[in-house]
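In numbering that gives the first Met the number 0, the protein residues as written are 0 to 478. Just so it is clear, CB atoms sit at the ideal spot from N, CA and C, and this is done for glycine as well.
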Amino acid sequence: MTAATVVWFRLDLRLSDNPALHAAAARGGAVIPLYIWSPDEERPWQPGGATKWWLHHSLEELAARLERLGSPLVLRSGSSDQVLEDVARECGADAIYWNRRYEPHLAKRDAAVERKLSGRWNVATFNSALLREPDTIATKQGTPFQVFTPYWKACLATATEHEQDVVEAPRRMTPPLKPLKSERLSDWKLLPRRNWADHFREFGVPGELGARKRLSSFLNKGLDEYEAERNRPDHEGVSRFSAHLHFGELSPREVRDALRLHAHQGDGAAKKAAEAFLRQLYWREFAHHLLHHFPHTDRKPLREQFAKFPWTSDAAKLRAWQRGQTGFPIVDAGMRQLWRTGWMHNRVRMIVASFLVKDLLLSWQAGAAWFWDTLVDADLANNSLGWQWTAGCGADAAPYFRVFNPTSQGEKFDPEGDYVRRYVPELAKLPTKWIHRPEEAPADVLAKAGVTLGKDYPRPIVDHGRARDAALAAWRKIR
DNA sequence: TTTTGAGTTGTTCGA
DNA sequence: GTCGAACAACTCAAA
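And the structure:
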């Protein structure tokens, strides 16, 4: 009789196209799915508040699916190596499988776990999360890529020999002879104490089922308009895959195959749309590539001269930004969307990030920390790349003189003001002409809309023109 | 080693 | 109102 296999679940909370699970089931013996809660091992990036909410519900759903397949999910907390050892002993397993993580500090932890266990158990690791693992691609000089476009071209040019096929979900699973004891998910206290998360489902539904539904609805309506619509926070123009991809509820390989099918069955426009979206998916790959090869970039700038950039610290301004009380409607709408729904549209992420870094001269690390805690899709690689890109200190960074003007960005990408009205309801009655510049509205217009500036809605906390000049001056200092 | 072409997402000014 | 150029160099990646 084949012995049992422990499958250590992490950011791969799905049954379909899960290589570790698939390989374990294929062995024919018992399969013991295990999730270990060990936030201390993830320091300094323990899961943030919004992420924990998503994780809770995703685990709940995964547990229900595994139960139906025949082998219930085992929940344990403690140090990973110890728990793996305990569980493997308790069920008499001879093998331990998992899908790899790539965040440098966790890859290091995993390597230590593997060293410790591999003497006694057959340990095997797999790739569930990426289309291209970071070490499988390099420039012709053998160095890591630091510019997206050549990275993307090189990925495409060499895709076939590196492509991993999708594997099926197991149809049923053999449980261990004796049921293993499992902790109660609720005891981990992943849900916020108060009602913070009440509206997180406006963004999406945690779990593999929610991910599948999102994938098919995006392919049916959304993908073909993606290029035109993806910059419109007032519309439903983006995929909203982010949290599903982060938690591995959605396989990037399944997305890739679905895009391919869409391109194949459709016309030239469908082909273009599929490629445009695939390109975005490769930004995620690129982020993982960078963080892997430049492991300090979660905390420090990739470009060294930025280490001495004269960031300021102003708790009141940071707080105004966090709470969506800056007096710039598009910024405030974005920050409130984040707080309310656990997610923010990508165009608005750029606007609020530029505002923090260039208008307020607060460090990108302060912004990254807030996003880490409040985004349900918080992902170390994506978060680090995004913030460094905005701050101008990262790979492929925006030139320093590219400073977003929050007013014109609002007017360009939320032209009717619908997005602002939705998340900044105190401005809802302002005519569109003034919705992005309430401080310029005539007194009678404000009165009619029921807005008293400084009372119902703040005046701008900075003068953008002057703030821009100050940012450029600060940049010149470190040049 | 040196050269060359190119680089996600912007803003402002002046014709 | 629209359009192109300037912003200001720098670094990467390939030849």
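Just the C-alpha distance for residue i and residue j, rounded to the nearest angstrom, thanks.
i       : j       : result
Arg-255 : Asp-16  : 12 Å
Val-86  : Glu-60  : 22 Å
Phe-308 : Arg-346 : 25 Å
Asp-376 : Gly-449 : 36 Å
Leu-317 : Ala-368 : 12 Å
Phe-217 : Glu-226 : 13 Å
Leu-290 : Ser-127 : 18 Å
Pro-441 : Ile-136 : 58 Å
Val-5   : Arg-26  : 12 Å
Leu-65  : Thr-159 : 33 Å
Ser-481 : Pro-251 : Because the chain in this structure spans residues 0 to 478, residue 481 falls outside the shown range and cannot be described.
Arg-302 : Cys-392 : 5 Å
Ser-117 : Ser-312 : 48 Å
Tyr-399 : Leu-361 : 15 Å
Val-73  : Arg-170 : 19 Å
Leu-481 : Ser-57  : No information on residue 481 is available, as it lies outside the stretch 0 to 478 that the chain covers here.
Phe-403 : Asn-230 : 14 Å
Arg-119 : Leu-12  : 27 Å
Gln-321 : Ser-241 : 21 Å
Trp-310 : Ala-63  : 48 Å
Lys-220 : Glu-410 : 26 Å
Ala-396 : Leu-471 : 15 Å
Arg-193 : Thr-50  : 15 Å
His-198 : Arg-335 : 12 Å
Gly-236 : Arg-108 : 38 Å
Lys-212 : Asp-378 : 22 Å
Tell whether a beta-carbon distance below 8 Å holds between residue i and residue j.
i       : j       : result
His-292 : Pro-43  : no
Leu-10  : Arg-100 : yes
Gln-387 : Pro-300 : yes
Val-419 : Ala-365 : no
Trp-342 : Ala-196 : no
Gly-480 : Thr-431 : Beyond the ends of the chain as shown, which are 0 and 478, falls residue 480; an answer cannot be given.
Phe-276 : Leu-258 : yes
Ala-380 : Gln-145 : no
Thr-340 : Gly-47  : no
Pro-459 : Glu-425 : no
Glu-40  : Ser-79  : yes
Thr-296 : Ser-383 : yes
His-261 : Ala-269 : yes
Phe-202 : Arg-239 : yes
Leu-359 : Val-461 : yes
Ala-3   : Cys-90  : yes
Glu-167 : His-21  : yes
Trp-151 : Arg-278 : yes
Pro-232 : Phe-412 : yes
Val-330 : Pro-405 : yes
Arg-131 : His-161 : yes
In the DSSP assignment, find the alpha helix (DSSP H) that holds residue i and state where it starts and stops.
i       : result
Ile-434 : 431-434
Pro-32  : From DSSP, Pro-32 is part of no alpha helix (DSSP H) but of the beta strand (DSSP E) over 30-36.
Phe-412 : 405-412
Phe-370 : 363-373
Leu-65  : 48-68
Ser-117 : Run containing Ser-117: none; DSSP gives neither H nor E here.
Arg-421 : 417-422
Val-254 : 251-264
Would residue i be called buried (16 or more neighbouring beta carbons within 10 Å of its own) or exposed?
i       : result
Pro-328 : buried
Leu-33  : buried
Arg-183 : exposed
Lys-357 : buried
Gly-206 : buried
Arg-478 : exposed
Glu-274 : exposed
Pro-18  : buried
Ser-353 : buried
Asn-98  : buried
His-553 : Any answer about residue 553 is impossible in this case: the structure gives the chain only from 0 up to 478.
Gly-385 : buried
Pro-71  : buried
Gly-141 : exposed
Locate the beta strand (DSSP E) running through residue i, then write down its first and last residues.
i       : result
Asn-121 : 121-125
Asp-93  : 92-98
Trp-7   : 3-8
Ser-312 : Where Ser-312 is concerned, there is no enclosing beta strand (DSSP E), given that its DSSP letter is neither H nor E.
Give the C-beta separation of residue i and residue j to the nearest angstrom, bearing in mind that I take them to be a contact with Cβ-Cβ under 8 Å.
i       : j       : result
Pro-174 : Gly-28  : No, Pro-174 and Gly-28 are not in contact; Cβ-Cβ is about 11 Å, not under 8 Å.
Trp-363 : Thr-389 : 7 Å
Leu-83  : Trp-7   : 6 Å
Ile-31  : Ala-106 : So it is not a contact: roughly 24 Å between Cβ atoms.
Ala-123 : Ala-156 : Between Ala-156 and Ala-123 the Cβ distance is about 30 Å, and since that is not below 8 Å, they are no contact.
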